[in-house]
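Engineer:
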Amino acid sequence: MFQTDPFTLIVLFVGLSLLPLVAMVATSYLKIVVVMSLIRNALGIQSIPPNIVVNALAMILTFYIMAPVCSDAWQIAKTELAAKPASAVTGSSVAGSEGGVMLDTDAAAKAAEPFRAFLSKHTSDRERAFFVRTAEQLWSKDEEPVVVDRESFYILIPAFCVSELTKAFQIGFLVYLPFIAIDIIVSNILLAMGMMMVSPVTISLPFKLLLFVMVDGWTILIQGLVRGYML
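Residue numbers (this note's numbering): 45 to 275.
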C-alpha cells in the first residue's frame, strides 16, 4: 500500500496548476499571441480569426519552437536519473518505500538549464540589468546587501516577458504602417468625392485584405516569428 506525503502532494499539485502560467510567460507563446492579436486589429477585423484560433496557432508555433529545448531538457533528465542508483536519488518522496517515486532535485535543476539558456538568449540586457538592480534594492535588508545572480529564473522570467512584449509591439508597429496608409488614402478619396457619410473602414477593409493576401502575409509573419528564435 502506498504511503503519500501530503505536503509533497500539495506542492506537486500547486506546481502543476502554475505550469500553464509558466508556459505562457516563459516561452515564445507570449510574443506570438500578442503579434497575432495586433495583426488582427490592424486589419480591422477584431473577431476574425476567433480568439480560439489565434491561441491555438500560437500554441502550435510555441510547441514547434520550444521542441528542441524540451528535448534537451528531457535527455538531460533521463541521463541524470539513469546515472544514479535508486538509493542515491535526492529530493522529496512522493510515495513511500513500497513502489515510492522520488523527485530528484539535482536532475530537475540540470534539466532546467536548457530553459535557462533559452530565456537568457532572448532577454534584453537592459531589462535584465534593471531587474537585477531592482532586486538588489528590494531584497536587501538593512546593511546586508544581496548579490543577485543575473542568470537566476527570478531575473530571467520577468526580463524575458518585458523583452518579448517590447519585440511584439515593435513588430506590431511595422505591421500597422501599411494598413494605416491604406486607411488614410481611402479617407482622403472619400472626402474628395464628398462621400463623408460612408465609413472609410468599410471601403478600406477589402483593400487591406487584398494587400495582406498578395504579399502572403500569414506566411511572412509566421516565418519571421519562428526565425526570430533562431538568431
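We put the beta carbon where it would ideally sit given N, CA and C, even for glycine.
Alpha carbons only, please: which of Ala121, Ser164, Tyr198 is nearest the one belonging to Val176?
Structural biologist: The candidate whose alpha carbon is nearest that of Val176 is Tyr198.
Engineer: Could you give the first and the last residue of the continuous alpha helix (DSSP H) run that contains Asp227?
Structural biologist: Start and end: 197 to 236.
Engineer: Could you check where the alpha helix (DSSP H) with Gln90 kicks off and where it finishes?
Structural biologist: Counting along the chain, Gln90 falls outside any alpha helix (DSSP H), and DSSP gives it neither H nor E.
Engineer: Select from Glu208, Phe256, Ile76 the residue whose C-alpha is nearest the C-alpha of Ala100.
Structural biologist: It is Ile76.
Engineer: Measuring alpha carbon to alpha carbon, tell me which of Ile233, Ala155, Val192 ends up nearest Gln181.
Structural biologist: Taking only the C-alpha atoms, the option nearest Gln181 is Val192.
Engineer: Tell me whether the beta-carbon of Ala155 lies closer than 8 Å to the beta-carbon of Ile120.
Structural biologist: It is a contact, given that the beta carbons lie within the stated cut-off.
Engineer: Throw me the rounded Cβ distance for the Ala203 and Phe159 pair, which I believe falls under 8 Å.
Structural biologist: In fact, because the Cβ distance is near 14 Å, the residues do not count as touching under 8 Å.
Engineer: Report buried or exposed for Glu195, applying the criterion of at least 16 other Cβ atoms within 10 angstroms of its Cβ.
Structural biologist: Under this definition Glu195 is an exposed residue.
Engineer: What's the call for Met110, buried or exposed, on a 16-neighbour Cβ count within 10 Å?
Structural biologist: Classification for Met110: buried.
Engineer: Going straight from the alpha carbon of Phe256 to that of Trp262, what length do you get?
Structural biologist: Distance between the alpha carbons of Phe256 and Trp262: 8 Å.
Engineer: Give me the Cα-Cα distance between Ser81 and Ala126, rounded to the nearest whole angstrom.
Structural biologist: Taking the straight line joining both Cα atoms gives about 44 Å.
Engineer: Pick from Pro93, Ile92, Thr71, Gln90: whose alpha carbon is nearest that of Leu105?
Structural biologist: Among Pro93, Ile92, Thr71, Gln90, the Cα nearest to that of Leu105 belongs to Thr71.
Engineer: Phe223 and Lys252 look like a contact to me (Cβ under 8 Å); what is the Cβ gap, rounded to whole Å?
Structural biologist: Indeed, because the Cβ distance is near 5 Å, the residues count as touching under 8 Å.
Engineer: Let's see if you can read the secondary structure: which residues bound the alpha helix (DSSP H) around Lys165?
Structural biologist: Looking at the DSSP string, the run of the alpha helix (DSSP H) that includes Lys165 is 157 to 165.
Engineer: Beta carbon of Leu209, beta carbon of Val78: below 8 Å?
Structural biologist: Against a cut-off of 8 Å, the Cβ pair of Val78 and Leu209 comes out as a contact.
Engineer: If we ignore side chains and look at the alpha-carbon of each, how far apart do Pro93 and Lys122 end up?
Structural biologist: Approximately 40 Å between the Cα atoms of the pair.
Engineer: Return the CA-CA distance between His166 and Lys185, expressed in angstroms with no decimal places.
Structural biologist: Taking the straight line from one Cα to the other gives about 31 Å.
Engineer: Are any of the Cβ atoms in chain D nearer than 8 Å to that of Ile215?
Structural biologist: This model lacks chain D altogether, as it is built from one protein chain only.
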